[in-house]
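Asker:
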Ligand code: RIB
Ligand code: CA
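Encoded structure:
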């Protein structure tokens, strides 16, 4: 969807595919000028998330989008994966062929820095996995915070978590990195799991994808059926939650999500709360707001863009 100037916004996606990351990539390429994808640990190990990103591009016939490998572990502490949700490969549900596409030799951190430098003020940086690459890029090049036009993060929560009672998965996997993103001083939107878990592709939608007869949509249907089944088994959800695309679509359609200017801090030391995003919705702190936190999703609008985007590919 073009901006007011008729241009598609320039986008870099940092991700950990991951079923919902896969749909976000398809939405991102369809509606933005997707300049690059960088991969990180998270839903699975870095080799898997990188292979999965390449496999999604190849499935959809997307060419010319460089994929750069990033961090295999967080800044501090142990590495967590989510194979209980996304499967051993990180994208179970359909045996995707080993991609012929290869990652570029450059490190993700350098691709993030160089892409932002070359598109100062214009780049949308979408962070839909643990934020390790972003934190390392900020450490290597502090001017990144001025060069990036806007950051949109899927992570944290304005309520309870999905990895612990207090912490959402991406923030929990690297709390220090999430804190660096929150304190970088750039324009920042955050869609938390309290909001995104309510937005999903359900069994009826999966049948629509299958009925499209489009190869990409049919394979995505298989993948999301696996992901939905795991979610139902674990949480009782009756849809495949599309956390990550919720970070992108409101930039296309402002009516798809409401946000609230909020002071957000990240708990780093709590025994039971490490990785929690403490959102001061009542303005009780003296600190000024640093994040636009998503509050109310328009599920129909969000899922409509996801479905149309997936079906638009061959
Ligand atoms: O908590 C949901 C987030 O963790 C999503 O980005 C999902 O892909 C996983 O990375
Ligand atoms: Ca993700």
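Numbering (my numbering), first residue to last: -7 to 306.
For each residue, glycine too, the CB sits at the ideal point set by N, CA and C.
#1: Ignore the nearest five residues each way along the sequence and tell me which others in residue 26's own chain have a CB closer than 6 angstroms to its CB.
#2: Quick one: residues in its chain with C-beta nearer than 6 angstroms to the C-beta of residue 47, no 5 flanking neighbours on either side, listed in chain order?
#3: Is there at least one non-hydrogen atom of ligand 2 closer than 6 angstroms to the beta-carbon of residue 102?
#4: Just to confirm before moving on: does the CB-CB distance between residue 62 and residue 162 stay below 7 angstroms?
#5: Does the stretch 226 to 236 come into contact with the stretch 135 to 145, if we say contact requires no fewer than three beta-carbon pairs (one atom in each stretch) closer than 8 angstroms?
#6: Could you have a look at residue -7 and say whether DSSP puts it in helix, strand or coil?
#7: For residue 151 and residue 186, what's the separation of their Cα atoms in angstroms?
#8: By Cβ distance, which residues of its chain are closer than 6 angstroms to residue 8, with the 5 residues on each side in sequence left out?
#9: Could you tell me whether the stretch 179 to 194 touches the stretch 77 to 88, where touching means 3 or more Cβ pairs closer than 8 angstroms?
#10: Going by Cα to Cα distance, which pick from 93, 75, 80 is closest to residue 55?
#11: Cutting at 6 angstroms between CB atoms, please list the residues of its own chain near residue 180, excluding the five before and the five after it.
#12: Which ranges would you report for the alpha helix (DSSP H) in the stretch 171 to 219 if only whole runs of at least 4 residues count?
#13: When DSSP builds the beta bridges, which residues end up paired with residue 80?
#14: For the alpha helix (DSSP H) that contains residue 165, what are its first and last residues?
#15: So, do the stretch 252 to 264 and the stretch 200 to 216 have three or more beta carbon pairs nearer to each other than 8 angstroms?
#16: Between which residues of its own chain and residue 50 is the CB-CB distance below 6 angstroms, once the five residues before and five after are set aside?
#17: Could you tell me whether any non-hydrogen atom of ligand 1 is closer than 6 angstroms to the CB of residue 177?
#18: Quick one: residues in its chain with C-beta nearer than 7 angstroms to the C-beta of residue 67, no 5 flanking neighbours on either side, listed in chain order?
#19: Have a look at 244, 80, 43 and flag the residue whose alpha-carbon is nearest the alpha-carbon of residue 0.
#20: I'd like the list of long-range same chain contacts for residue 64, defined as Cβ closer than 6 angstroms, with 5 residues on each side in sequence excluded.
#21: Taking three-plus beta-carbon pairs below 8 angstroms as touching, is the stretch 66 to 81 in contact with the stretch 96 to 106?
#22: In terms of DSSP beta bridges, what is residue 7 paired with?
#23: With DSSP collapsed to three states, give me the class of residue 272.
#24: With C-beta atoms as the reference, is residue 236 less than 7 angstroms away from residue 146?
#25: Over the uninterrupted alpha helix (DSSP H) stretch that includes residue 298, give me the two end residues.
#26: Quick one: grab the DSSP three-state call for residue 52.
Answerer: Per the coordinate set shown:
#1: 3, 20, 57
#2: 88, 91
#3: no
#4: no
#5: no
#6: Only weak support is given to the placement of residue -7: the predicted model assigns it a pLDDT of 43, under 50, and the question is left unresolved by the model.
#7: 6 angstroms
#8: 32, 34, 35, 41, 121
#9: no
#10: 93
#11: 143, 283
#12: 185 to 188, 195 to 203
#13: According to DSSP, which records beta bridges pairwise, residue 80 is partnered with nothing at all.
#14: 161 to 165
#15: no
#16: 91, 93
#17: no
#18: 124, 127, 166, 168, 169
#19: 244
#20: 33, 38
#21: no
#22: 31
#23: strand
#24: yes
#25: 291 to 303
#26: helix
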